[in-house]
Amino acid sequence: MSNPALIRNFCIIAHIDHGKSTLADRLIEKARLVSVRDFKNQILDSMDIERERGITIKSQAVTIPYTARDGKIYELNFVDTPGHVDFAYEVSRAISSCEGALLLVDATQGVQAQTLSNMYLAMEHALEIVPVINKIDMAAADVPGTKAQIVRDLGLDADGALLVSARLGSGVDELLEAIVTRIPPPVGDAEGPLRALVFDCHYDSYRGVVAHLRVFDGTIRKGMRVRFMSSDSVYEVESLGLFKVALVETAELAAGSTGYIIAGIKTVGDARVGDTVTGADRPCAAPLAGFREVKPVVFSSIYPVDAQDYEELKASLEKLKLNDASLLCEKDSSVALGFGFRCGFLGLLHLEVIEERLEREFNQSIIFTAPSVKYRLHLKGGEDVFVDNPMDFPDPSRIESAEEPFIRASIITPSQFVGNVMSLCLDKRAVQTNMSYLDEKRVELVFEMPLAEALFDFYDKLKSTSRGYASLDYDVTEYKPTELVKLDILLNGKAVDALSQLVFKERAPARARVVCERLRDEIPRQQFKIPIQGAIGSNIVARETINALRKDVLAKCYGGDVTRKRKLLEKQKEGKKRMRMVGDVELPQSAFLAVLKSKDE
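Numbered as in our numbering, the sequence shown ends at 651 without a single skipped number.
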């Protein structure tokens with residue numbers, strides 16, 4: 051049985067691109083878990099989409115052995131976490147299974163917005179925080195300046211900060227020694243009733259659900275009957291083990307350990323992230339505190355391109371929800387697109403990642419509708435309703451007033467870009483609430499702004515106006531009054547419900563023009579003229595026209611009386627009019643995608 055005193059559970063947290071995955075590579079290399087031939091950079095970023103975008107999306111747990119200077123062999127369980135604000139929920143789950151955290155700070159960029167918010171997350175869970183200054187080998191590294199920021203911005207002791215270069219591997223030995231000496235061992239009773247927290251899951255098509263656990267009390271052994279407390283379902287453990295990049299089977303998992311169990315779980319709904327696993331024959335008294343309820347901020351509907359693929363899409367979403375606990379789905383339907391699902395996401399990057407994972411991992415051909423946020427409407431009868439889907443928008447005559455969610459956006463930027471960042475935010479209806487100089491080079495700007503404005507291209511524009519140096523962290527604060535209208539898109543006089551959007555009244559005509567222009571470029575020409583209109587109620591606020599394909603009916607008229615030509619043209623005109631009345635416009639999938647993308651893309 052493993053000795054809890056020789057176990058250390060910790061996670062690696064930091065802002066985007068501060069070197070978490072590269073440091074994880076060095077730790078795995080030191081432990082020689084992977085042969086030199088099979089090793090590749092960012093080895094824990096196992097999804098294609100992670101490697102292509104150069105970001106971590108899924109937290110990954112790994113167990114490595116380490117022989118300390120005192121001669122004892124320690125078992126180090128660590129989790130590499132994502133840095134993007136959209137995946138903060140992944141970080142909070144990783145933190146709950148640890149006793150300590152390595153807080154990485156880039157020596158060239160210093161303390162950034164996500165560095166602060168991840169540190170506060172770790173402090174909420176009372177973790178031992180070890181500050182680590184990374185990228186000390188870079189020409190632009192400013193170690194004394196970074197240490198000063200750690201003291202001033204984070205309130206941590208900079209003398210205890212470790213200096214490493216994850217790229218070159220320097221300072222990693224001192225780091226491993228600090229993990230053993232500074233991070234406390236787990237406390238738990240290996241002989242008591244089993245209590246284990248499910249902090250992640252994934253689906254294996256051969257073996258069913260693989261549950262990732264952190265054992266707090268008791269011991270799990272092969273053949274043992276375990277109960278998932280939220281669904282009250284009982285399973286027999288078929289195999290269990292540790293994450294050593296690949297899954298490595300072991301005989302047992304004792305208190306303090308992190309590992310996985312496979313128990314023939316075919317019902318995806320039985321294994322829930324945040325659930326407590328206990329022994330069926332000797333259960334624990336109370337479940338562990340799970341994770342705080344995830345609150346999606348962006349909503350969009352997903353439909354299969356072919357209506358017959360609905361069941362397949364449903365199964366794919368269930369498996370994806372198992373691996374991504376922050377995705378919320380419910381059934382939905384549309385006149386234009388048939389049956390689908392209304393889904394909630396933590397941000398626009400999260401939405402894009404889900405779209406790509408459905409297409410790549412599950413081979414689904416899907417259409418997403420325009421993203422929306424959740425609005426609060428006060429109706430004249432005194433009733434309050436929340437609406438995130440334009441199809442549920444009530445008759446405007448029934449609405450007394452509307453409110454939209456606002457965010458508190460904290461932006462840290464070099465001082466030379468302050469003007470650019472301010473004008474970008476003010477253009478997005480933001481109100482500046484604070485501005486403070488963190489040091490002579492960096493400024494923190496705080497804005498109150500509507501979440502809907504931050505949805506589409508705010509993050510990209512922020513990066514381009516600051517040449518990539520500005521960093522953003524935000525949290526949803528409260529609802530504030532707004533003027534809201536439903537923008538309908540009419541094709542050939544008929545409204546396409548899947549293209550409807552809820553928008554701020556002043557922005558509606560501009561948004562309608564953009565959508566109409568994009569649809570004009572995407573919809574193929576027909577035998578009749580197609581008007582594309584943006585409408586608010588009965589008012590048309592934008593229009594584009596796709597001209598008809600015209601057959602040359604005069605080709606066989608060579609000379610003769612002009613009335614012959616006129617007769618043929620009149621006949622064609624009548625035919626076009628009739629065609630337009632009965633003609634249906636087929637919307638290609640690219641048209642839906644074009645409405646979501648910014649003009650440059």
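All C-beta atoms, glycine included, are put in the ideal place defined by N, C-alpha and C.
Since the structure is predicted, the reported quantities are computational estimates derived from the model, not experimental observations.
Using the Cα positions of residue i and residue j, report the straight-line distance between them to the nearest angstrom.
i, j, result
"LYS606", "THR613", "14 angstroms"
"ILE590", "SER384", "23 angstroms"
"GLY633", "GLN577", "Unreliable placement is indicated for GLY633, whose pLDDT of 48 sits below 50; no coordinate value is reported for it."
"PHE293", "ALA592", "56 angstroms"
"THR269", "TYR285", "16 angstroms"
"GLY432", "LEU495", "38 angstroms"
"ALA111", "VAL260", "13 angstroms"
"MET631", "GLU624", "The predicted position of MET631 is uncertain, since its pLDDT is 49 and thus under 50; no value can be drawn from it."
"GLY205", "LYS491", "19 angstroms"
"VAL248", "GLN466", "46 angstroms"
"LEU618", "ILE449", "53 angstroms"
"ASN53", "ARG119", "18 angstroms"
"MET472", "ILE352", "35 angstroms"
"PRO132", "LEU401", "16 angstroms"
"SER220", "HIS68", "16 angstroms"
"ALA21", "PHE266", "What is shown of the chain runs 51 to 651, which leaves residue 21 out entirely."
"VAL348", "GLY397", "6 angstroms"
Thinking just about the alpha-carbon of each residue, which of the options is nearest to the one in residue i?
i, options, result
"ARG392", "ALA560, PRO346, GLY205", "PRO346"
"PRO440", "VAL284, ASP254, LEU427", "LEU427"
"SER146", "LEU171, GLU453, GLU125, PHE278", "LEU171"
"ALA55", "THR595, ILE78, THR158, LEU126", "LEU126"
"ILE200", "ALA240, LEU153, LEU218, PRO132", "LEU153"
"ALA144", "ARG264, ASP75, ARG575", "ARG264"
"ILE462", "SER473, MET485, ASN184", "MET485"
"ILE315", "SER350, LEU370, TYR253, LEU338", "TYR253"
"PHE128", "GLY469, SER307, ASN597, ARG332", "SER307"
"ASP438", "LEU534, ALA336, LYS478, GLU361", "LEU534"
"LEU213", "LEU569, ILE573, GLU224, LEU204", "GLU224"
"ALA339", "ASP374, THR165, ALA163, SER280", "SER280"
"THR117", "ASP156, GLY150, ILE57", "ILE57"
"ASN597", "GLY610, GLY609, ILE582", "ILE582"
What does DSSP give as the partner residue(s) for residue i in the beta ladder?
i, result
"GLU286", "ARG275"
"ALA151", "CYS61, ILE179"
"VAL738", "Any question about residue 738 goes unanswered here, given that the chain covers just 51 to 651."
"VAL403", "None, per the DSSP bridge assignment."
"ARG264", "LEU247, THR308"
"GLY388", "SER384"
"ARG616", "DSSP output for ARG616 lists no bridge partner at all."
"LYS536", "LEU552"
"ILE449", "LEU429"
"VAL112", "PHE128"
"LYS530", "GLU454"
"THR300", "Answer is none; THR300 lacks a bridge partner."
"LYS294", "ALA296"
"HIS252", "VAL260"
"ASN589", "ILE586"
Give a yes or no on whether the C-beta atoms belonging to residue i and residue j are separated by under 8 angstroms.
i, j, result
"VAL553", "PRO455", "no"
"GLU178", "PRO236", "no"
"PHE278", "VAL327", "yes"
"ILE586", "LEU540", "no"
"PRO354", "GLY324", "no"
"PRO181", "GLY210", "yes"
"CYS148", "PRO243", "no"
"VAL230", "TYR310", "no"
"PHE436", "SER366", "no"
"LYS275", "ASP239", "Here residue 275 is Arg; the residue named in the question, Lys, does not match the sequence. Their beta carbons are not under 8 angstroms apart, which means ARG275 does not touch ASP239 by this criterion."
"SER350", "PRO464", "no"
CB-CB under 7 angstroms to residue i, same chain, minus the five flanking residues each way: which ones, in chain order?
i, result
"SER289", "LYS272, GLU299, ILE312"
"ASP547", "SER384, VAL385, ALA386, MET441"
"ILE114", "LEU77, ILE78, ALA81, LEU83, LEU126"
"SER451", "HIS428, PRO531"
"ALA558", "VAL535, LEU537, ILE586, VAL591"
Return the chain-ordered list of same chain residues with a C-beta closer than 6 angstroms to the C-beta of residue i, the five sequence neighbours on each side being excluded.
i, result
"GLU380", "ARG392"
"PHE497", "ALA459, CYS475, ALA480, GLN482"
"GLU651", "Its pLDDT being 46, under 50, GLU651 is placed unreliably in this model, and the value from its coordinates should be taken loosely. Answer for GLU651: no residue qualifies."
"SER167", "ASP523"
"ALA190", "THR158"
"LYS424", "PHE436, ASP438"
"TYR487", "VAL493"
"ARG322", "SER280"
Which same chain residues end up closer than 8 angstroms to residue i when comparing Cβ atoms and leaving out the 5 residues on each side of it in sequence?
i, result
"GLU567", "GLU594"
"MET173", "ILE179"
Taking 7 angstroms as the cut-off, is the CB of residue i close to at least one heavy atom of the ligand MG?
i, result
"LEU398", "Only the bare structure without any ligand can be found here, which leaves the ligand MG out of the picture."
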